[in-house]
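Heads up: the sequence shown begins at 2 in the working numbering, then just goes up one per residue. What follows is one structure encoded as structure tokens, with my remarks underneath.
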Amino acid sequence: MAQIIAYVQAQEDFARDWDKTFEGRPSYFTQEFWYLLVGCQMAQWAGRPLSVGQACQKMKSGSNRTREERIKRACDDGYLMKEKAGEDGRAALVRPTAKLEAILHDHFVRTRQMFVDALKTS
2 MAQIIAYVQA
12 QEDFARDWDK
22 TFEGRPSYFT
32 QEFWYLLVGC
42 QMAQWAGRPL
52 SVGQACQKMK
62 SGSNRTREER
72 IKRACDDGYL
82 MKEKAGEDGR
92 AALVRPTAKL
102 EAILHDHFVR
112 TRQMFVDALK
122 TS
């Protein structure tokens, strides 16, 4: 049971670290933005940036308008950027900025260690 308690505490610490990562902004709730921001970053690292539609599909809740507003907010705050894709310029890709990549990298390094430590607890 001690290992489960330590793991649950690590999950809580993970959520707190997420809030600190985004400067404690209440508008970057884990559930609403995790799938978007992490999805865009992972796609970028894999060399396959997401289209706006794909980025919207990564999110688990909200209308299409709400999802697009989240993308806009993240762009306005310097975490994501949109860029034209293709020759006709109608399609757009959503890419993480260097700012997002840096803070997510640091967040993942910190929280990975939290989980490693939690799993070592007996």
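All C-beta atoms in this analysis are idealised placements derived from N, C-alpha and C, irrespective of residue type, glycine included. These numbers come from a predicted model, not from an experiment.
#### Entry: Simplified DSSP state of residue 121, which is helix, strand or coil
helix
### Task
Taking 8 Å as the cut-off, decide whether the C-beta atoms of residue 11 and residue 115 are in contact.
yes
### Task
Taking the CB atoms as reference points, tell me whether residue 56 and residue 72 lie closer together than 8 Å.
yes
### Task
Label residue 113 either buried or exposed according to how many other C-beta atoms from any shown protein chain fall within 10 Å of its C-beta, with 16 as the threshold for buried.
exposed
### Query
Secondary structure at residue 96, three-state DSSP: helix, strand or coil?
strand
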